[in-house]
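**Student:** Numbering (our numbering), first residue to last: 1 to 506.
Can you read through this structure? Questions will come right after.
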Amino acid sequence: MPQLGLLHRRAWTYLLGQLLRPPSAVCIGEFHYHSQVAEAVLTSQLKPHQEKSNFIIKTPKGTRDLSPQQMVVREKILSMVVSCFKRHGAKGLDTPAFELKEVLTEKYGEDSRLIYDLKDQGGELLSLRYDLTVPFARYLAMNKVKKMKRYHVGKVWRRESPTIVQGRYREFCQCDFDIAGQFDPMIPDAECLKIMCEILSGLQLGDFVIKVSDRRILDGMFAVCGVPESKYHAVCSSIDKLDKMSWKNVRHEMVEKQGLAPEVADRIGDYVQCHGGMSLVEQMFQDPKLSQNKQALEGLGDLKLLFEYLTLFGIAEKISFDLSLARGLDYYTGVIYEAVLLQTPAPADEEPLHVGSVAAGGRYDGLVGMFDPKGHKVPCVGLSIGVERIFSIVEQRMKTSGEKIRTTETQVFVATPQKNFLQERLRLIAELWDAGIKAELLYKNNPKLLTQLQYCEDTGIPLVVIIGEQELKDGVIKLRSVASREEVAIKREHLVTEIQKRLSES
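Take a look at the structure:
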């Protein structure tokens, strides 16, 4: 028996004695009482040990809380992104945070190992969604939707090593825009790139470039370079690392880890180090090897048409045909693209913020067919905005500038200089709320006027309405501008109209 105190041992001895007595002699009431005593004894003995555990209150690795100040910044970013999506005719859509595991498996190539699996709770094997694209394809197939332009803002989860300073988390928000349906070539694709440019320009993140390529050109390039078809995906994943690794290191990975012949890797290197505009597309048409590959020619033809549309949209100078762009996800079938911020000098006392790509997407014509029992395909193209990375940039910029952020949108504060005016304040604030005015008051019976005015200055509330004995007697309300500290008396019945007028002018 554990080392219990004298009282504890007596309780247990008594309880055991009662259990060993014949049933007829056991008093059920007594037994129940002493059972409770014994339970209390055990609880009291265990508590000190529980309290000594090294439990640390923290968020899980790769996640974070967002403060009210951060939420204001995030909501502004999301509002701007969503308004752009709506301007282009997209409808809102939402899907569950988790899907059947089989819905997500074999859709992401090597990245499938990053999917979060959930413990079976009710007969179904489930996983947290990895992105918003596969659930969208499942939705289209399940509901037999053949044409749709949609946007979706939601959280996704990836079990990777987080890099917080780069805005990389295990739980993060994505903003997706997709066009599903059979249309003439490259028109929807061009619109997706136009949307990407509008958003990145509107957020004023600095100069950027959108890299564009095509999975068919990549596959054609692998074929003419002598890459075995079984190694296409692995080589593609290696090339996708060129934005983080040098060509020397990528070449080493392809030769040493994936078993490519050195001369094959060198041929790939000749291609993936090329980037340019329409002129490079034309140059690849003349390439003696690439021009003999049917897949590559199809991709180059679509890219040529795409650049024509991008010129009409006025954004061709922001687009770079880059043969190193691979986009490791398995479901891409055609045009792929990725937006990268060009490095801007950081302040002298700060490290530059390296965030990588801030938006990406491409064409995935075969994904919906993977969910359709008859394999019916719905061509799709889309883009995803990396909110967390953009947020990291905006947050750092605001920190550097020392910009103050209002965490509420309160427009009017209801105050009093006198005691016992709570009922009048409540009556007045209800009138403001009913008129759609954002208003606050202090939750005190008799607050000091200075405290109330200081609260308005601290939180940036622009107007204060003041009611006291004299105002009540004269049938007026004082309206005070917090910034100028000027006060005017307004008739009670005209107060709402006057406030609305001032707010519309500000």
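Where is the CB? At the ideal position from N, CA and C, for every residue including glycine.
(1) Is the CB-CB distance between residue 309 and residue 333 below 8 angstroms?
(2) Any chance you could list the alpha helix (DSSP H) runs of at least 4 consecutive residues sitting entirely within the segment 425-460, in chain order?
(3) With distances taken from CA atoms, which of 177, 76, 157, 140 is nearest residue 85?
(4) Note down the Cα distance separating residue 484 from residue 197, rounded to an integer number of angstroms.
(5) For residue 89 and chain D, any beta-carbon pair shorter than 8 angstroms?
(6) Hey, quick one: how far does the alpha helix (DSSP H) through residue 252 stretch, first residue to last?
(7) What's the call for residue 113, buried or exposed, on a 16-neighbour Cβ count within 10 Å?
(8) Taking the straight line between their C-alpha atoms, what separation do you get for residue 461 and residue 411?
(9) Would you mind working out which of 392, 267, 307, 153 sits nearest residue 357, comparing C-alpha positions?
(10) Which complete alpha helix (DSSP H) runs does the segment 218-245 hold, if anything under 4 residues is left out?
(11) Could you give the DSSP three-state label for residue 142: helix, strand or coil?
(12) Suppose contacts are defined by Cβ-Cβ distances below 8 angstroms. Is residue 272 in contact with residue 312 by that definition?
(13) If you run the structure through DSSP and keep just helix, strand and coil, what is residue 527?
(14) Determine the direct distance from the alpha carbon of residue 268 to that of residue 297, and round the result to whole angstroms.
(15) Evaluate the contact criterion for the segment 247-260 versus the segment 285-292: three or more CB pairs, one atom per stretch, below 8 angstroms.
(16) Taking the beta carbon of residue 339 as the centre, do at least 16 other beta carbons fall within 10 Å, making it buried, or is it exposed?
(17) Go ahead and pull the three-state DSSP assignment for residue 486.
(18) CB residue 210 to CB residue 385, shorter than 8 angstroms?
(19) Exposed or buried, which one is residue 55 when buried takes at least 16 other CB atoms within 10 Å?
(20) Can you find the residues in the same chain that come closer than 8 angstroms, C-beta to C-beta, to residue 394, ignoring five residues on each side of it along the sequence?
(21) Assign residue 182 to buried or exposed, taking buried as 16 or more other Cβ atoms, counted over all protein chains shown, within 10 Å of its Cβ.
(22) Consult DSSP for residue 322 and reduce its assignment to one of helix, strand or coil.
(23) Classify residue 217: buried if its beta carbon has 16 or more other beta carbons within 10 angstroms, exposed otherwise.
(24) Would you check whether the ligand GDP has a heavy atom nearer than 7 angstroms to the C-beta of residue 110?
(25) Can you confirm whether the segment 125-142 touches the segment 367-379 when touching is taken to mean that 3 or more C-beta pairs between the two stretches lie within less than 8 angstroms?
(26) Hey, residue 127 and residue 98 are a contact pair by Cβ (cut 8 angstroms); roughly how many whole angstroms apart?
(27) The beta strand (DSSP E) that contains residue 172, what's its start and end?
(28) So what does DSSP say about residue 316, is it helix, strand or coil?
(29) Measure the alpha-carbon distance for residue 496 versus residue 450 and round it to whole angstroms.
(30) Which of the three DSSP states is assigned to residue 152 in this structure?
(31) Specify the secondary structure class of residue 109 as computed by DSSP and reduced to three states.
(32) Would you kindly report the start and end of the unbroken beta strand (DSSP E) that includes residue 365?
(33) How many Å lie between residue 121 and residue 252 at the Cα?
(34) Please state whether the Cβ-Cβ distance between residue 130 and residue 64 is less than 8 angstroms.
(35) Taking its Cβ as the centre, do 16 or more other Cβ atoms sit within 10 Å of residue 96, making it buried, or is it exposed?
(36) By the 10 Å Cβ neighbour count, where 16 or more other Cβ atoms means buried, how is residue 447 classified, buried or exposed?
**Tutor:** Reading off the structure:
(1) If you number the sequence shown from 1, residue 309 lands on position 309. If you number the sequence shown from 1, residue 333 lands on position 333. No, the pair does not count as a contact, with Cβ atoms beyond the cut-off.
(2) 449-459
(3) Residue 85 sits at position 85 when you count from the first residue of the sequence shown. Per the Cα distances, 177.
(4) Here residue 484 is taken as the residue at index 484 of the sequence shown, counted from 1. Here residue 197 is taken as the residue at index 197 of the sequence shown, counted from 1. The straight-line gap from Cα to Cα measures roughly 41 angstroms.
(5) Note that chain D does not occur in the displayed structure, where there is just one protein chain.
(6) As a working mapping, residue 252 is identified with position 252 in the sequence shown. Unbroken alpha helix (DSSP H) run through residue 252: 247-252.
(7) Counting from 1 along the sequence shown, the entry for residue 113 is found at position 113. Answer is exposed; the Cβ neighbour count stays below 16.
(8) Residue 461 sits at position 461 when you count from the first residue of the sequence shown. Residue 411 sits at position 411 when you count from the first residue of the sequence shown. One C-alpha to the other measures close to 6 angstroms.
(9) Here residue 357 corresponds to residue number 357 of the sequence shown, with the count starting at 1. Closest option to residue 357, Cα to Cα, is 392.
(10) 232-239
(11) In the sequence shown, residue 142 corresponds to position 142, counting from 1. Residue 142: helix per DSSP, three-state reduction.
(12) Reading the sequence shown from its first residue, position 272 is the one you call residue 272. Reading the sequence shown from its first residue, position 312 is the one you call residue 312. Result no, Cβ atoms of residue 272 and residue 312 do not sit closer than 8 angstroms.
(13) Residue 527 cannot be examined here, being either before or after the span of the chain that is shown, 1 to 506.
(14) Numbered from its first residue, the sequence shown carries residue 297 at position 297. Numbered from its first residue, the sequence shown carries residue 268 at position 268. Whole-angstrom Cα-Cα distance: 17 angstroms.
(15) no
(16) Here residue 339 refers to the residue found at position 339 of the sequence shown. Under this definition residue 339 is a buried residue.
(17) Here residue 486 refers to the residue found at position 486 when the sequence shown is read from its first residue. The answer is coil: DSSP assigns residue 486 none of H, G, I, E or B.
(18) The residue you call residue 210 lines up with position 210 of the sequence shown. The residue you call residue 385 lines up with position 385 of the sequence shown. Not in contact: residue 210 and residue 385 (Cβ atoms no closer than 8 angstroms).
(19) By one-based count along the sequence shown, residue 55 stands at place 55. The residue in question, residue 55, is exposed, as its Cβ has fewer than 16 Cβ neighbours within 10 Å.
(20) Numbered from 1 along the sequence shown, position 394 holds the residue referred to as residue 394. Contacts found: 73, 77, 203, 205.
(21) For the purposes of this step, residue 182 is taken as the residue at position 182 of the sequence shown. So residue 182 counts as exposed.
(22) Within the sequence shown, residue 322 is the residue found at index 322, counting from 1. It is a strand residue.
(23) Here residue 217 is taken as the residue at index 217 of the sequence shown, counted from 1. Flag for residue 217 reads buried.
(24) For the ligand GDP, the structure offers nothing, since it holds no ligand at all.
(25) yes
(26) As a position in the sequence shown, residue 127 is number 127, starting the count at 1. As a position in the sequence shown, residue 98 is number 98, starting the count at 1. Correct: roughly 6 angstroms between the Cβ atoms.
(27) On the sequence shown, residue 172 is found 172 positions in, with the first residue counted as 1. Element bounds for residue 172: 171-180.
(28) Sequence index remark: in the sequence shown, residue 316 carries index 316 (1-based). Helix, per DSSP.
(29) Numbered from its first residue, the sequence shown carries residue 496 at position 496. Numbered from its first residue, the sequence shown carries residue 450 at position 450. Cα to Cα, residue 496 sits roughly 24 angstroms from residue 450.
(30) Translated into positions along the sequence shown, residue 152 becomes position 152. Three-state DSSP puts residue 152 in a strand.
(31) Residue numbering aside, residue 109 sits at position 109 when the sequence shown is read from its first letter. The answer is helix: DSSP assigns residue 109 an H, G or I state.
(32) For the purposes of this step, residue 365 is taken as the residue at position 365 of the sequence shown. No beta strand (DSSP E) contains residue 365, which DSSP labels as neither H nor E.
(33) Start at 1 with the first residue of the sequence shown, and residue 121 comes out as number 121. Start at 1 with the first residue of the sequence shown, and residue 252 comes out as number 252. For residue 121 and residue 252, the distance between alpha carbons rounds to 45 angstroms.
(34) Translated into positions along the sequence shown, residue 130 becomes position 130. Translated into positions along the sequence shown, residue 64 becomes position 64. Not a contact, by the Cβ cut-off of 8 angstroms.
(35) Taking the sequence shown and counting its residues from 1, one reaches residue 96 at position 96. By the 10 Å Cβ count, residue 96 comes out exposed.
(36) The sequence position of residue 447 within the sequence shown is 447, counting from 1. Counting Cβ neighbours within 10 Å, residue 447 comes out buried, since at least 16 surround it.
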